[in-house]
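K.L.:
Sharing a structure below in structure tokens format, with a few things to ask.
Numbering (the numbering used here), first residue to last: 142 to 422.
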């Protein structure tokens, strides 16, 4: 794993990471108020009760001292399965994040969502000013270090296959997935949902296959940003594919949110799991 200033090309230092995080956060403020009034009716995609998997919260070490909570799901059947990190756009307590881990387990992976927002109380609303303060006081390199702690925990589990791992991220978590994929030698595939603004120097080291999903009606992060990202990746020789979903808004995969779009979500998830199966062997 390469995390630190020595990994940053073309002047991408800690200040640049912090500014990038702040810019990403700024694109979210329009949507967060709507997220606070998320739909609560039972979704057709909920798989947390699937009898073929087991899941729950875990705690792992960070820097030998701090305990970071995460949510892990895996198939019940004995065997080893590829590990996949799940990086949330905000708190992991929102049901669709544990459900994403569960859906990965149903598909034959071990999914782990590390709580990269662990300094915040679990019940902090997603549109609370505390999130802005969190970003202001933590560089993305600090958060990437937390993701690395999750990766190390996942790697240590006997039911996780020894090969490369995948990483799936949503919104700010999608951006973090890209940055971590550019810095970790353990990641073999990156899936990013509406990851926001990325700069060429931030992804220069990203060489593993990348799959991007974005709704054309996204009111938080313009789909054009993902189109630019795809072009940048292909220009540097990184295998990349972008899927656009007509009339889908930000968070279309999250069944707990107002903009959930079942048809697009089903198609996107099928594409994502097929992609992960292809590259995680």
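A virtual CB, placed ideally from N, CA and C, is assigned to each residue, including glycine.
Leaving out five residues before and five after residue 241 in sequence, what residues of the same chain have Cβ atoms less than 6 Å from its Cβ?
P.N.:
227
K.L.:
Ordered along the chain, which non-local residues of its own chain (more than five positions away) have a Cβ less than 7 Å from that of residue 341?
P.N.:
373
K.L.:
How would you label residue 404, buried or exposed, when you count the other beta carbons within 10 angstroms and need 16 or more for buried?
P.N.:
exposed
K.L.:
Provide the residue span of the beta strand (DSSP E) that contains residue 259, from first to last.
P.N.:
Segment: none, residue 259 is in no beta strand (DSSP E) and carries neither H nor E.
K.L.:
Would you call the segment 209 to 229 in contact with the segment 300 to 313, where contact means no fewer than 3 C-beta pairs closer than 8 Å?
P.N.:
Judged by pairs of C-beta atoms under 8 Å, the segment 209 to 229 touches the segment 300 to 313, as three or more such pairs exist.
K.L.:
Over what stretch of residues does the beta strand (DSSP E) that includes residue 381 continue unbroken?
P.N.:
381 to 386
K.L.:
Could you tell me which uninterrupted alpha helix (DSSP H) segments, each at least 4 residues in length, are contained entirely in the segment 228 to 261, listed from first to last along the chain?
P.N.:
With a minimum length of 4 residues, the continuous alpha helix (DSSP H) runs that stay inside the segment 228 to 261 are 237 to 247.
K.L.:
So, using beta-carbon positions, are residue 216 and residue 251 closer together than 9 Å?
P.N.:
Yes, they are a contact pair.
K.L.:
For residue 316, name the three-state secondary structure that DSSP assigns.
P.N.:
helix
K.L.:
Do you know how far the Cα of residue 221 is from the Cα of residue 204?
P.N.:
27 Å
K.L.:
For residue 289, report the span of its beta strand (DSSP E) as first-last.
P.N.:
Here residue 289 belongs to no beta strand (DSSP E); instead the alpha helix (DSSP H) covers 281 to 297.
K.L.:
Helix or strand or just coil, what does DSSP make of residue 168?
P.N.:
Confidence in residue 168 is poor, its pLDDT being 38 and thus under 50, which makes the residue's placement too unreliable to answer from.
K.L.:
If I'm right that residue 318 touches residue 331 with Cβ under 8 Å, what's the distance once you round it to whole angstroms?
P.N.:
5 Å
K.L.:
Which of helix, strand or coil does DSSP assign to residue 406?
P.N.:
helix
K.L.:
Taking only three categories from DSSP, how would you classify residue 226?
P.N.:
strand
K.L.:
Is the beta carbon of residue 193 closer than 9 Å to that of residue 396?
P.N.:
no
K.L.:
Going by DSSP, what residues sit across from residue 307 in a beta bridge?
P.N.:
225 and 330
K.L.:
Rounded to the nearest angstrom, what separates residue 195 and residue 211 at their Cα positions?
P.N.:
14 Å
K.L.:
Just confirm the distance between the C-beta atoms of residue 388 and residue 413, as a whole number of angstroms; I'd bet it's less than 8 Å.
P.N.:
Their Cβ separation, rounded to whole angstroms, is 20 Å, which puts residue 388 and residue 413 out of contact at 8 Å.
K.L.:
In terms of DSSP beta bridges, what is residue 194 paired with?
P.N.:
216
K.L.:
Evaluate residue 324 with the Cβ neighbour count: other Cβ atoms within 10 Å of its Cβ, from every protein chain shown; 16 or more gives buried, anything less gives exposed.
P.N.:
buried
K.L.:
Need the endpoints of the beta strand (DSSP E) that residue 352 sits in, please.
P.N.:
351 to 356
K.L.:
Ordered along the chain, which non-local residues of its own chain (more than five positions away) have a Cβ less than 8 Å from that of residue 327?
P.N.:
142, 292, 296, 305 and 306
K.L.:
Which residue comes first and which comes last in the alpha helix (DSSP H) that contains residue 341?
P.N.:
First-last for residue 341: undefined, no H or E at that position.
K.L.:
Locate the alpha helix (DSSP H) running through residue 368, then write down its first and last residues.
P.N.:
364 to 376
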